[in-house]
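Beneath this line is the structure, given in structure tokens, with notes to follow.
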Amino acid sequence: MSTPTPHADYNELKKDTTVALDDQVAYMHQLEEAGVEVDTTFSSMPLPLKIFWGVFYFCLALTSLYFFMVSVKVIGESFSLLLGCEAKSAFEFAHNPVAGLMVGVVATALLHSSGTVTSITVALVGAKGLT
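Letter by letter, the sequence shown follows residues 591 to 721 in this note's numbering.
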């Protein structure tokens with residue numbers, strides 16, 4: 591006699607639930623009996639509501655992208671103002687490629703975001719702070 595594994599019920603359910611699309615209701619019932627929570631919120635919505643939420647999330651994504659681009663522009667203008675007062679000498683060490691690489695690695699580690707470091711670097715290059 592074999593000892594049951596912790597996943598025996600799951601494996602048995604997996605074998606038993608190889609069903610066709612016509613048996614989706616039975617499959618959902620088996621999942622509910624197994625204690626798996628099934629979220630049917632989106633699939634039970636009427637079509638006009640699905641279209642509304644799809645358009646809403648698409649517009650939300652475009653708006654987020656717009657605000658990201660505006661923030662990069664603001665960062666660039668901020669560096670232009672900062673570098674207007676001869677602060678370019680602060681980046682003299684970056685002429686050595688190894689030093690520039692190490693500064694990038696440390697900045698990425700401190701900020702925990704390579705995207706932020708890239709945005710700042712692009713803004714600095716645009717403001718002629720880095721060449």
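Using N, Cα and C, we set each Cβ at its ideal position, and we do this for glycine too. None of these values were measured; they are calculated from a predicted model.
I think residue i touches residue j, with their Cβ atoms under 8 angstroms apart; what is that distance to the nearest whole Å?
i      : j      : result
ALA717 : GLY666 : 6 angstroms
LYS640 : PHE632 : 7 angstroms
PHE669 : LEU714 : 5 angstroms
Between residue i and the rest of its own chain, which residues show a CB-CB distance below 7 angstroms, the 5 nearest in sequence each way excluded?
i      : result
SER661 : none
THR607 : Model confidence at THR607 stands at a pLDDT of 49, short of 50, so the residue's coordinates are unreliable; what they give is reported in the following sentence. Result list for THR607: TYR617 and GLN620, in chain order.
Check each candidate in the options and name the one with the smallest Cα separation from residue i.
i      : options                           : result
VAL626 : GLY705, SER633 and TYR617         : TYR617
VAL664 : GLN614, VAL615, SER709 and ASP613 : SER709
GLY705 : ASN686, GLN614, MET659 and LEU672 : MET659
THR630 : LEU691, GLN614 and SER654         : GLN614
Near residue i, which residues of its chain fall below 8 angstroms by C-beta distance, leaving aside the five closest residues on each side in sequence?
i      : result
HIS702 : none
VAL707 : GLY694, ALA697, THR698 and LEU701
TYR656 : none
Excluding five sequence neighbours on each side, which residues of the same chain lie with their C-beta closer than 6 angstroms to the C-beta of residue i?
i      : result
VAL609 : With a pLDDT of 46 at VAL609, under the threshold of 50, the modelled position of this residue cannot be trusted; read the value that follows with caution. Closer than 6 angstroms at Cβ, skipping near neighbours: TYR617.
If you scan the region 605-671 from start to end, which runs of the alpha helix (DSSP H) of 4 or more residues do you find wholly inside it?
-> 614-623
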